[in-house]
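Visitor: The sequence shown begins at 24 in this note's numbering and counts up one residue at a time.
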Amino acid sequence: MSERKFVPQAELDRQFSICDQLKKEIEPRGLTFYVETFGCQMNVRDSETIKGILTNIGYGEAPDKEHADLILYNTCCVREHAEKRLMGNIGALKELKEANPGLIIGVCGCMMQQEGVAKKLLRRFPHVNLVFGTHVLHRLPEMLAHVFAGDRLAMTGEEDFAIAEGLPQLRDNPRSAFVNITFGCNNFCTYCIVPYVRGRERSRDPEAIRAEVAALCASGVTEITLLGQNVNSYANDLESGSFAELLSLLNDVPGLKRLRFMSSHPKDLNDDVIRAIRETDKVCHHVHLPVQSGSNAILRRMNRRYTREQYLEIIRKLREAVPDIEFTTDIIVGFPGETEEMFHETLSLVEEVGFAAAFTFAYSPRNGTPAARMEDQIPEDSKKRRLYELNDLQAQKTVENNQKYIGYTGELLVEGCDDRGTETMLYGKYQNFKMVYFPGDPSLLNRYVNVRVLRAERNSLIGEQIHG
Ligand code: SAH
Ligand code: SF4
Ligand code: F3S
Numbered sequence: 024m025s026e027r028k029f030v031p032q033a034e035l036d037r038q039f040s041i042c043d044q045l046k047k048e049i050e051p052r053g054l055t056f057y058v059e060t061f062g063c064q065m066n067v068r069d070s071e072t073i074k075g076i077l078t079n080i081g082y083g084e085a086p087d088k089e090h091a092d093l094i095l096y097n098t099c100c101v102r103e104h105a106e107k108r109l110m111g112n113i114g115a116l117k118e119l120k121e122a123n124p125g126l127i128i129g130v131c132g133c134m135m136q137q138e139g140v141a142k143k144l145l146r147r148f149p150h151v152n153l154v155f156g157t158h159v160l161h162r163l164p165e166m167l168a169h170v171f172a173g174d175r176l177a178m179t180g181e182e183d184f185a186i187a188e189g190l191p192q193l194r195d196n197p198r199s200a201f202v203n204i205t206f207g208c209n210n211f212c213t214y215c216i217v218p219y220v221r222g223r224e225r226s227r228d229p230e231a232i233r234a235e236v237a238a239l240c241a242s243g244v245t246e247i248t249l250l251g252q253n254v255n256s257y258a259n260d261l262e263s264g265s266f267a268e269l270l271s272l273l274n275d276v277p278g279l280k281r282l283r284f285m286s287s288h289p290k291d292l293n294d295d296v297i298r299a300i301r302e303t304d305k306v307c308h309h310v311h312l313p314v315q316s317g318s319n320a321i322l323r324r325m326n327r328r329y330t331r332e333q334y335l336e337i338i339r340k341l342r343e344a345v346p347d348i349e350f351t352t353d354i355i356v357g358f359p360g361e362t363e364e365m366f367h368e369t370l371s372l373v374e375e376v377g378f379a380a381a382f383t384f385a386y387s388p389r390n391g392t393p394a395a396r397m398e399d400q401i402p403e404d405s406k407k408r409r410l411y412e413l414n415d416l417q418a419q420k421t422v423e424n425n426q427k428y429i430g431y432t433g434e435l436l437v438e439g440c441d442d443r444g445t446e447t448m449l450y451g452k453y454q455n456f457k458m459v460y461f462p463g464d465p466s467l468l469n470r471y472v473n474v475r476v477l478r479a480e481r482n483s484l485i486g487e488q489i490h491g
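This is how it looks when you write it as structure tokens:
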């Protein structure tokens, strides 16, 4: 077991005192920030911390980047072309900088942890002031103090995997919140860049997680989503505890109605977790369980460490334990060496499981990962064709899955509204992640209402509110 490191309180206090000093200058000037986030929930969550720190420094939030005094891109590098797109986006900010020379431009996130990228950005774009990686968010006050003093800097801290507790955060959503339980990943799936840019897996202490969840629920949040690249391996680096125990520990937090988690890794989703989902009443009946491929040969080459049969067995056990459970998944097509036959094994698995939804990707080689160096790379046109074929099948399965819900009534958390000309359609989710649209008043936003499903359209369920 490796020793976990925490950012020392004295260091956090030093950063907070820099915040206080900066605030005296920034607040009276009415300056604003704009943070644009790419990538997964990890980055969304990090952006909330960044926004929290900027708020503590005295910045307000700008409605768009054209009106902001500080623009920050939080980047992702899980797929190809992200770098080219980012370069384009940053290039386009030059005009804004010319119109407002005081504008501060920063770039952060996973892509900045890739070798050489941070330095390249500073060299290539003189209008970029600040570049930083995923391990040094807590040092943002110090970094900004340098920027205000006229420096341009890059800070990536590759070696520093310390956990920073108690950072400020600005969360937009009053009803639903993400809470990190682990950082990093130890799995090294052969296609994936995440372990290289997010570092080794580190678990937060259960008490710290519970305290954060309790504080959120006390402030009116009712839905919590626990975040980790592989939530099921939570606590592997602690003296004791497990993901199943964490679910039980959080289940009775006052005010909590829905407890979600993602992502689950099939190799670590054990019977204790299945039992915890069944026996707790707040844990939602939805598991995002990325399968990646239906072929054992490909799963082996991906280093996923489970077989098709083991995956299907977990699905079977979960359905047996929790009959109304729904599954979503991630699938990659065109992994190196994937034959037509192996691809058809993925199609047959999708057919067999009946996922409520699937996030599907054409394999894209990431520099530095083993799969990028494998022979038998699949031509782009074959990958695209397989992706269409898979998406077609999943679209049919989604329709089939939707049909099951006609006539069903359940409690929906209202998440948003769409103005459709003559009527306002609200939408929200049942606890098992199925989304329903229904006509209603926007005052119901963030509330729980009973909704009955009337019909299934191609991609969505349409229902009506049931009173009483
Ligand atoms: N930790 C999570 C998610 C990781 S990234 C998990 O393990 O489930 C989200 C998804 O992006 C992955 O599940 C995978 O399907 C996809 N992905 C990651 N690297 C990829 C690559 N090089 N090419 C195509 N898709 C990729
Ligand atoms: Fe990437 Fe695999 Fe870790 Fe997920 S579990 S982040 S796919 S290495
Ligand atoms: Fe992207 Fe980083 Fe998430 S690479 S997918 S934002 S962990």
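Built from N, CA and C at the ideal position, the CB exists for glycine as well. Everything numeric in this text was worked out from a predicted model, so none of it was measured.
So, using beta-carbon positions, are residue 446 and residue 465 closer together than 8 Å?
Guide: No; because the gap between Cβ atoms is not below 8 Å, this pair is not in contact.
Visitor: When we look at the beta-carbon of residue 172 and count the other beta-carbons within 10 Å, is it buried (16 or more) or exposed?
Guide: Exposed, since its Cβ has fewer than 16 Cβ neighbours within 10 Å.
Visitor: Roughly how far, in whole angstroms, is the beta-carbon of residue 179 from the beta-carbon of residue 133, given that I think they are within contact range, below 8 Å?
Guide: Contact flag wrong, Cβ pair sits at about 11 Å.
Visitor: Between which two residues does the beta strand (DSSP E) holding residue 199 run?
Guide: 199-203
Visitor: Report whether the distance from the Cβ of residue 225 to the nearest heavy atom of the ligand F3S is below 7 Å.
Guide: no
Visitor: Look up residue 440 in the DSSP assignment and give the residues it is bridged to.
Guide: 449
Visitor: Apply the 10 Å Cβ neighbour rule to residue 161 and answer buried if 16 or more other Cβ atoms are within range, or exposed otherwise.
Guide: buried
Visitor: Taking just the CA atoms, how far does residue 63 sit from residue 1?
Guide: Any property of residue 1 remains undetermined from this structure, which presents the chain solely from 24 to 491.
Visitor: Could you round the C-beta distance between residue 322 and residue 330 to whole angstroms and report it? I think they count as a contact, below 8 Å.
Guide: About 6 Å; that satisfies the 8 Å criterion.
Visitor: Considering only the beta carbon of each residue, do residue 373 and residue 410 sit closer than 8 Å?
Guide: no
Visitor: How many angstroms separate the CA atom of residue 300 from the CA atom of residue 255?
Guide: 12 Å
Visitor: Does the beta carbon of residue 73 fall short of 7 Å from some heavy atom of the ligand F3S?
Guide: no
Visitor: Can you check which of these residues, 258, 317, 237, 292, is closest to residue 280 by C-alpha distance?
Guide: Of the candidates 258, 317, 237, 292, the one whose C-alpha sits nearest the C-alpha of residue 280 is 237.
Visitor: What is the rounded straight-line gap between the Cα of residue 43 and the Cα of residue 224?
Guide: Each residue's Cα considered, the two are about 33 Å apart.
Visitor: Between residue 123 and the rest of its own chain, which residues show a CB-CB distance below 8 Å, the 5 nearest in sequence each way excluded?
Guide: Excluding positions up to five away in sequence, the list reads 92.
Visitor: Per DSSP, what kind of secondary structure is residue 190 in: helix, strand or coil?
Guide: Coil at residue 190, not helix or strand.
Visitor: Any heavy atom of the ligand SAH closer than 7 Å to the CB of residue 42?
Guide: Residue 42 Cβ: outside cutoff for every heavy atom of the ligand SAH.
Visitor: According to the Cβ coordinates, are residue 489 and residue 475 closer than 8 Å?
Guide: Closer than 8 Å, so yes.
Visitor: Can you name, in chain order, every residue of its own chain whose Cβ lies under 8 Å from the Cβ of residue 371, other than the five neighbours on each side?
Guide: 317
Visitor: Quick check: the Cα distance between residue 170 and residue 137, rounded to an integer number of angstroms?
Guide: Going from the Cα of residue 170 to the Cα of residue 137 covers about 23 Å.
Visitor: I'd like the span of the alpha helix (DSSP H) that includes residue 298, first residue to last.
Guide: 294-302
Visitor: Just how far apart, CA to CA, sit residue 88 and residue 127?
Guide: 11 Å
Visitor: Just how far apart, CA to CA, sit residue 59 and residue 398?
Guide: 37 Å
Visitor: Do the CB positions of residue 135 and residue 114 come within less than 8 Å of each other?
Guide: no
Visitor: In its own chain, which residues sit with a C-beta less than 8 Å from the C-beta of residue 487, not counting the 5 before and 5 after it?
Guide: 461, 462, 474, 475, 477
Visitor: Find the nearest neighbour of residue 249 within the set 260, 455, 270, 210, judged by alpha-carbon distance.
Guide: 270
Visitor: When you compare only the Cα positions, how much space is there between residue 213 and residue 388?
Guide: 10 Å
Visitor: Look up residue 315 in the DSSP assignment and say whether it is helix, strand or coil.
Guide: Strand at residue 315.
Visitor: So is residue 385 buried or exposed if we call it buried at 16+ other beta carbons inside 10 Å?
Guide: It counts as buried.
Visitor: So which of 73, 260, 141, 360 has the shortest CA-CA distance to residue 395?
Guide: 360
Visitor: Is residue 455 closer than 8 Å to residue 198 when the C-beta atoms are compared?
Guide: no
Visitor: Which of the three DSSP states, helix, strand or coil, is assigned to residue 262?
Guide: coil
Visitor: Would you say the beta carbon of residue 65 comes nearer than 7 Å to a heavy atom of the ligand F3S?
Guide: yes
Visitor: Do three or more CB pairs link the segment 44-57 to the segment 80-87 at distances below 8 Å?
Guide: yes
Visitor: On the DSSP letters alone, give me the boundaries of the alpha helix (DSSP H) that residue 37 sits inside.
Guide: 32-49
Visitor: Where does residue 309 fall in DSSP's three states?
Guide: strand
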